[in-house]
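Residue numbers 2 to 222, in my numbering, belong to the letters of the sequence shown in order. Using N, Cα and C, we set each Cβ at its ideal position, and we do this for glycine too. This report refers to the structure that appears directly beneath it.
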Amino acid sequence: MAVPSHTTSREGAHVQQDARHGSTGAEPSLSIIIPAYNEAENIIATLENVVGALERLPIRHEILVIDDGSTDSTAALVTSSLPRFPTVRLLINERNMGFGWSYRRGVETAALDHIVMVHGDNAWGAETLHEFFSHVGEADIIVGFTRNMLRSRTWVRTLISKLYTLVVNVITRRHLTYYNGLQIHRAPVLKSLRIESSAYGFQSEVLVKSLRLTKTFIEVP
2 MAVPSHTTSR
12 EGAHVQQDAR
22 HGSTGAEPSL
32 SIIIPAYNEA
42 ENIIATLENV
52 VGALERLPIR
62 HEILVIDDGS
72 TDSTAALVTS
82 SLPRFPTVRL
92 LINERNMGFG
102 WSYRRGVETA
112 ALDHIVMVHG
122 DNAWGAETLH
132 EFFSHVGEAD
142 IIVGFTRNML
152 RSRTWVRTLI
162 SKLYTLVVNV
172 ITRRHLTYYN
182 GLQIHRAPVL
192 KSLRIESSAY
202 GFQSEVLVKS
212 LRLTKTFIEV
222 P
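Listed below in structure tokens is the structure:
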């Protein structure tokens with residue numbers, strides 16, 4: 002894919018390896034993709050929660066922030082925080098390309114065995130992320146429910162979400178609880194997919210197509 006963007010990264014940024022596990026490479030590894038568009042108010046808190054969630058887990062990781070052409074100080078804030086977060090890498094789209102496009106760019110860039118996307122709006126607390134990340138490697142796909150979100154949902158949004166899930170389940174003959182939340186996928190599977198959607202529904206497309214190519218999945222709250 003031709004990528005009309007440039008990349009900013011801190012010199013010496015590296016993939017984190019838990020020192021307790023040495024260099025055997027036996028522990029699971031996880032690339033965390035964080036798309037962000039005009040998230041100056043939330044992006045640092047998001048990074049703090051993601052890093053805090055990973056600190057107590059034996060998981061090698063990298064964190065890829067994809068700034069989608071933000072017009073606020075999102076990119077500048079991430080850049081200034083890189084000394085605090087040595088596993089973070091910042092990629093910047095020169096113009097706004099959309100949520101799904103930024104996700105695909107993150108997938109193409111990801112270097113580790115599993116991939117998860119975390120929204121840049123600080124929707125998930127460190128404890129929720131810690132619990133979810135702890136399941137990495139237990140199945141080809143790990144699908145999360147929408148519980149314990151920091152940002153509460155209106156009843157209208159909740160109703161729309163439930164109807165959307167019902168429709169997708171009917172169309173795909175699946176019985177999943179949720180399609181647009183946290184998902185951990187095996188990187189080779191994601192990299193092999195051709196994703197057409199760029200808007201809200203792209204996560205459903207990713208999940209449905211991934212399920213066709215994998216043997217095991219679990220749903221966790």
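- SER103 and PRO36 have their C-alpha atoms roughly 6 Å apart.
- For the pair ILE34 and GLY107, the CB atoms are nearer than the 7 Å cut-off.
- Inter-segment contact for the stretch 193-202 and the stretch 120-136 is absent: fewer than three beta-carbon pairs are separated by less than 8 Å.
- When only Cα atoms are considered, LEU214 and LEU113 end up about 19 Å apart.
- With contacts defined by Cβ atoms closer than 7 Å, LEU48 and PHE134 do not form a contacting pair.
- Shown here for LEU208: same chain residues with a beta carbon closer than 8 Å to its own, the five before and five after excluded, namely ILE142, VAL144, LEU177, TYR180 and GLN184 in chain order.
- Excluding the 5 residues flanking it on each side, SER71 has same chain C-beta neighbours closer than 6 Å at TYR38 and ASN39, in chain order.
- DSSP lists ILE116 and ILE142 as the bridge partner or partners of HIS186.
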